[in-house]
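Note sheet for the following structure.
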Amino acid sequence: MFLDFMSEVEGLLRDALERCGFKVEDGVNNLGLDVSPHADLASSVAFRLAPTLKKSPVLIAKEIHRAISREYKFVEKVEMTGPYLNFFMNRSFLNAVVDQALADNCWTGRMKDRVIVEHTSANPDGPLHVGHIRNSVIGDTLVRILRRAGCTVDAQYYVNDMGRQEAMVVVGCDHFQLDGSKADHAIAKVYIAANKAMEESDEAKAMIRGEADCIIQRYEAGDSEIEAKIKSAVNYAITGIEETLHRMNIRHDSYHWESEFVRSGDVAEIVGLLEKTGLTEWEDGAFQLDLTGHGFEKKMVLKRANGTSLYITRDLAYHRYKSANSDRSVDILGADHKLVSGQLRTALRLLGVREPEVVIFEFVSLPTGSMSTRKGKFISADELLDEVETRAFEEVSLRRPDESEEFRRLVAKNVAAGAVRYDVVKVSADKATMFDWKQALDFEKLSAPFIQYSHARACSILRKSEADEKYDANLLVDEHEIALIKKIAEFDLVIDRAARELKPHHLATYARELAESFNLFYRYSPVLDAAPELKSARIALAKCARNALRTTLDTLGIVALETM
RNA sequence: GGACCCGUGGCUUAGCCAGGAUAUAGCACCGGGCUUCUAACCCGGGGGUCGCGGGUUCGAAUCCCGCCGGGUCCGCCA
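Per our numbering: the first sequence = residues 6 to 569.
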């Protein structure tokens with residue numbers, strides 16, 4: 006809705022500039038528009054024109070101001086403050102926001118792209134840890150944001166079934182017993198044990214390495230015995246991983262296994278196509294692609310000396326598939342993939358394949374250093390969720406002692422999942438973070454329960470008020486009421502920006518601001534005790550806020566509890 | 001050694017890509033508010049050389065260069 010106001014302002018400004026004969030350079034935001042504490046939208050375009058027009062910004066602003074049309078739809082007035090042009094919303098815009106926000110179907114944008122978002126894609130060699138969930142949460146939130154923006158999204162998990170790590174899992178399964186604990190944790194135990202066994206002696210190391218090599222080669226060759234073993238281990242691990250993802254409200258729409266692309270011949274085809282670029286050569290027995298002319302120091306190995314394929318080659322085939330089946334394809338990757346993802350994009354460019362948009366997130370480390378599944382050094386997502394849920398249960402029991410245990414468990418579960426998600430998504434992806442139990446278990450303002458609580462309060466008001474179809478939005482004139490309406494209106498701007506820039510943390514910031522605006526309305530504008538007509542108007546606004554909060558929480562993948 | 005990311009009050013953090021009018025929040029600290037729609041809330045206060053040094057500009061947290069500190073990567077691993 007804010008976008009409608011903004012496009013009107015843009016139109017007014019452009020017309021005025023044309024009337025004055027002023028030309029602004031092309032570029033993003035060349036009108037210098039910005040939300041500002043001084044106006045609903047402010048333009049600093051006069052400053053930009055000053056050097057070319059050789060006039061003072063104030064004089065330029067004056068001319069533009071005079072030339073701005075007086076026919077407004079959503080604009081109340083345009084004020085000049087020094088060199089700034091300040092645009093204000095009118096009543097009919099605010100009323101339109103209320104009207105629209107009362108309907109449930111007003112929250113979907115106009116983007117129509119088919120998008121593939123690949124996220125999580127953790128190796129099926131153990132449970133997700135607190136580093137992986139940064140990938141999952143960012144990925145799933147982007148999936149939800151893109152859908153909200155109007156896109157058709159396929160959330161994909163790329164399963165690394167051909168790598169050395171999966172061969173090691175099979176070695177582990179051959180030598181050690183799966184102990185019946187949660188599937189992904191059981192797999193991790195045998196995987197860690199196999200890796201540990203390698204450290205015992207040089208002979209053990211050579212033997213186990215040999216076994217793994219043999220598995221890799223036989224799997225690539227299509228050996229049915231090995232295939233059955235790998236498939237069963239991978240599927241087993243994935244059931245556990247899925248279970249964890251579901252706890253956080255995360256689901257994938259489709260899974261693609263690396264081996265698909267080897268079996269289909271795509272990998273061989275890709276290698277052939279790269280050969281035609283003339284940049285490949287056999288060197289030291291391996292088949293390599295020379296990207297030194299594209300800013301990469303090292304050559305990219307496409308095939309091992311023994312003829313088996315590598316992760317990067319299979320990934321090229323997968324990315325070609327994704328490009329062919331989407332308008333946009335998005336990868337969520339940890340910072341350790343920066344270089345290799347750059348190589349991948351360069352190789353795709355050589356193949357004439359559209360490159361993916363890559364979202365890189367920096368690492369989550371432990372106070373003791375970085376995490377490693379292989380070494381068994383990690384805090385699992387399950388452990389984190391269990392701990393947070395326990396804390397949340399204590400909290401809800403303290404606040405709602407009279408409620409049933411079932412109720413308190415349910416609230417705790419949803420508060421915990423929300424808290425974990427919000428904690429991850431609120432920080433910009435390019436900030437490296439240190440995992441901190443104290444912070445993870447904190448439910449204060451900058452966290453999901455704060456927003457869930459605001460939503461529950463709105464629901465509570467609506468539960469206690471009888472349905473009233475008629476309302477007059479013109480009665481909503483208090484400072485906090487207007488601020489709330491404006492904040493609700495901003496939703497489309499935030500979604501549009503987050504969907505284009507692939508930055509989910511913008512939505513987390515918005516969610517907090519929206520909840521704050523609602524809490525002020527709640528504090529200063531009593532709804533149920535207001536005079537009849539004002540009461541109807543405030544009920545309508547409470548409903549708008551409830552819808553906006555619900556939609557925002559939903560887009561963040563956080564359950565909008567109606568009571569807590 | 002080379003490449004990329006980060007550096008904002010005691011701690012965590014938004015804003016930076018697209019420069020603009022008093023730099024955003026939370027935690028912690030000090031003080032205030034529940035017989036009133038759920039106080040997981042709200043209000044007030046103190047606290048900032050936006051890592052350092054140059055440059056561009058009418059104007060720099062934001063752009064450019066250099067430096068310092070932290071993270072990540074540079075495998076016939078994934």
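Using N, Cα and C, we set each Cβ at its ideal position, and we do this for glycine too.
Hey, quick one: how far does the alpha helix (DSSP H) through residue i stretch, first residue to last?
{"i": "D573", "result": "Outside the displayed span of the chain (6 to 569) sits residue 573, for which this structure offers no information."}
{"i": "V532", "result": "Here V532 belongs to no alpha helix (DSSP H), and DSSP marks it neither H nor E."}
{"i": "S259", "result": "Per DSSP, S259 belongs to no alpha helix (DSSP H); it is in the beta strand (DSSP E), 259 to 262."}
{"i": "L321", "result": "316 to 329"}
{"i": "I255", "result": "Per DSSP, I255 belongs to no alpha helix (DSSP H) and is neither H nor E."}
{"i": "D207", "result": "207 to 225"}
{"i": "N140", "result": "137 to 153"}
{"i": "E171", "result": "169 to 180"}
{"i": "D228", "result": "It is not in any alpha helix (DSSP H) - D228 carries neither H nor E in the DSSP assignment."}
{"i": "G347", "result": "343 to 355"}
Please report the residue range of the beta strand (DSSP E) in which residue i lies.
{"i": "S61", "result": "Run containing S61: none; DSSP gives neither H nor E here."}
{"i": "R333", "result": "333 to 339"}
{"i": "Q293", "result": "291 to 294"}
{"i": "N91", "result": "89 to 94"}
{"i": "Q161", "result": "157 to 164"}
{"i": "F366", "result": "362 to 366"}
{"i": "V432", "result": "Unbroken run through V432: none, as it is neither H nor E."}
{"i": "V33", "result": "Note, V33: premise wrong, no beta strand (DSSP E); not H, not E."}
{"i": "M305", "result": "305 to 308"}
Using only alpha-carbon positions, find the residue among the options that is nearest to residue i.
{"i": "F186", "options": "R551, Q170, P132", "result": "Correcting the residue type first, residue 186 is Ser in the shown sequence and not Phe. Among R551, Q170, P132, the Cα nearest to that of S186 belongs to P132."}
{"i": "D341", "options": "I246, H137, V430, T57", "result": "H137"}
{"i": "N140", "options": "D497, T297, H124, A154", "result": "H124"}
{"i": "D12", "options": "F366, F98, F52", "result": "Checking the displayed sequence, the identity of residue 12 turns out to be Ser instead of Asp. Considering only alpha carbons, the answer is F98."}
{"i": "F627", "options": "T86, A44, E76, V430", "result": "The structure shown does not extend to residue 627, since the chain is modelled only from 6 to 569, so the question has no answer here."}
{"i": "G227", "options": "I493, A47, E265", "result": "E265"}
{"i": "A397", "options": "V364, S452, A202, L279", "result": "S452"}
{"i": "A488", "options": "K508, A550, T514, V432", "result": "A550"}
{"i": "R153", "options": "Q161, N110, A191, Q170", "result": "N110"}
{"i": "D441", "options": "N240, V120, I384", "result": "I384"}
{"i": "H251", "options": "D31, F52, V142", "result": "V142"}
{"i": "K491", "options": "G16, R19, L22, S41", "result": "S41"}
{"i": "K382", "options": "L54, F448, H134, L519", "result": "H134"}
{"i": "R543", "options": "N100, E392, L38, R379", "result": "N100"}
{"i": "S370", "options": "K436, H460, K59, G357", "result": "K436"}
{"i": "L344", "options": "I317, I73, S328", "result": "I317"}
{"i": "G374", "options": "N311, M439, R414", "result": "M439"}
{"i": "Y224", "options": "E171, E247, A273", "result": "E171"}
{"i": "K443", "options": "P56, V430, F412, V425", "result": "V425"}
{"i": "V393", "options": "D428, R214, T57", "result": "D428"}
{"i": "E471", "options": "A547, V401, D497, Y458", "result": "A547"}
{"i": "M94", "options": "L8, L54, P56, A520", "result": "L8"}
{"i": "H510", "options": "G144, F10, V33, R19", "result": "G144"}
{"i": "A160", "options": "L147, R169, D166", "result": "L147"}
{"i": "D271", "options": "I231, A193, H324, T249", "result": "H324"}
State the DSSP-derived secondary structure class of residue i, mapped to helix, strand or coil.
{"i": "K82", "result": "strand"}
{"i": "T282", "result": "coil"}
{"i": "I384", "result": "coil"}
{"i": "W442", "result": "helix"}
{"i": "I121", "result": "strand"}
{"i": "G245", "result": "helix"}
{"i": "E288", "result": "strand"}
{"i": "H43", "result": "coil"}
{"i": "V369", "result": "strand"}
{"i": "G374", "result": "strand"}
{"i": "S74", "result": "coil"}
{"i": "S48", "result": "strand"}
Task: Start-end ranges of the beta strand (DSSP E) lying completely within the stretch 447 to 512, minimum 3 residues - done: none
TODO: Assess, as a yes-or-no matter, whether the stretch 170 to 177 is touched by the stretch 210 to 220 under the definition of 3 or more beta carbon pairs within less than 8 Å.
DONE: yes
Open item on the list: When you compare the stretch 111 to 120 with the stretch 472 to 492, are there three or more beta-carbon pairs, one atom per stretch, that lie closer than 8 Å?
Closed with: no
Task: Stretch pair the stretch 197 to 207 + the stretch 245 to 260: three plus CB contacts closer than 8 Å - done: no
- [ ] Could you tell me whether the stretch 530 to 549 touches the stretch 503 to 521, using the rule of 3 or more Cβ pairs below 8 Å?
- [x] no
Task: the stretch 291 to 310 in contact with the stretch 344 to 353 per 3-pair CB rule at 8 Å - done: yes
Open item on the list: Across the stretch 364 to 374 and the stretch 153 to 165, are there enough close Cβ pairs to call them in contact, namely three or more that are closer than 8 Å?
Closed with: no
- [ ] Would you check if there are 3 or more beta carbon pairs closer than 8 Å linking the stretch 235 to 250 to the stretch 277 to 285?
- [x] Touching, no.
Open item on the list: Does the structure place the stretch 69 to 88 close enough to the stretch 24 to 35 that three or more beta carbon pairs sit under 8 Å?
Closed with: yes
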